[in-house]
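Colleague: Position 164 of the sequence shown, counted from 1, bears residue number 160 in this note's numbering, the numbering being contiguous throughout.
Here a beta-carbon is modelled for each residue, glycine too, at the ideal position from N, C-alpha and C.
Remember, predicted model here, so these are calculated numbers, not experimental data.
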Amino acid sequence: MNIATTRVPSKTSTSLPNILTYTRIAAIPVVVGCIYAQSVWMYPLWLRWVAVAVFIAAGITDYLDGHFARIWNQQSAFGRMLDPIADKLLVASCLLMLAADSTIQNWSLWAAIVILCREILVSGLREYLAALRVSVPVTKVAKWKTTMQLVAIGFLLAGEAGDAAVAQISTAVGPIVSGIGVWLLGLSAVFTIYTGYDYFRAGIHHLIEADSR
């Protein structure tokens, strides 16, 4: 008699999607360490390229962990909890390091502050709504915002090294890599305000309903 067996999807903390999320968290000290060593200890500029490469790899894992979780049916509560935390840790750490080494300064600091405040607001709102068993889905605009943030941070991590590489081609261009990163960061801050308000508006509706019961 033939016994049909089916593969039971792994939804444990050691499933591949979750391991990819761990690697994204592990990338944080590498990226921050490279920028710190280059800017504070005056190590060579190529360390910034290492930071960019690791950051891009971390961004790719952000796509792959969700992709594999869906196609292999390995979506888990642990993964849904850890994935956005890993994203926020990566973005926040990079922004703080870029502010520390003066890659972002003046008005671009306000863009970083807006982004960080929005993440705290949304995280607190999601935590409270979770207690009410209310889920706030991620919108397409929020995904565009996240993509823009990651691209902006990538340009800013390249920073001086990217500007030096462009200067070897043409000295008339100026610090274009850093400039692109700063303007993209500002644009992503605008999207951040919009999506933050969107989440708050959706969440406050449930909060008012909960208080009225």
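Specify whether the segment 62 to 74 and the segment 95 to 106 touch according to this definition: at least 3 beta carbon pairs, one from each stretch, less than 8 Å apart.
Modeller: no
Colleague: Which full runs of the alpha helix (DSSP H) of 4+ residues lie inside the segment 66 to 126, going along the chain?
Modeller: List check, alpha helix (DSSP H) in window: 73 to 96.
Colleague: Would Leu60 and Thr99 qualify as a contact pair, given that the criterion is a beta-carbon distance under 8 Å?
Modeller: no
Colleague: Looking only at its own chain, which residues have a Cβ that is under 6 Å from the Cβ of Val178, when we skip the five neighbours before and after it?
Modeller: Excluding the 5 residues flanking it on each side, Val178 has same chain C-beta neighbours closer than 6 Å at Ser104, in chain order.
Colleague: Just to confirm my understanding: we take Val4, look at its own chain, exclude 5 residues before and 5 after, and list those with CB closer than 7 Å. What are they?
Modeller: At Val4 the pLDDT is 42, less than 50, meaning the model places this residue with poor confidence and gives no usable figure here.
Colleague: If you follow the alpha helix (DSSP H) that Ala163 is in, where does it begin and where does it stop?
Modeller: Lys136 to Ile165
Colleague: Looking only at its chain, what residues have a beta carbon closer than 6 Å to the beta carbon of Thr57, apart from the 5 residues adjacent to it on each side?
Modeller: Leu16, Thr19 and Arg20
Colleague: Excluding sequence positions up to five away, which residues of its chain have a Cβ less than 7 Å from the Cβ of Tyr195?
Modeller: Val118, Leu121 and Val132
Colleague: With Arg129 as the anchor, note down where its alpha helix (DSSP H) starts and where it stops.
Modeller: Arg129 -> no alpha helix (DSSP H), and no H or E assigned at all.
Colleague: If Thr188 sits next to Lys141, beta carbons under 8 Å apart, how far is it from one beta carbon to the other, in whole angstroms?
Modeller: 6 Å
Colleague: Can you round the beta-carbon distance between Phe51 and Val27 to whole angstroms, since I take them to be within the 8 Å contact cut?
Modeller: Indeed, because the Cβ distance is near 5 Å, the residues count as touching under 8 Å.
Colleague: Is the beta carbon of Leu112 sitting closer than 8 Å to the one on Val147?
Modeller: no
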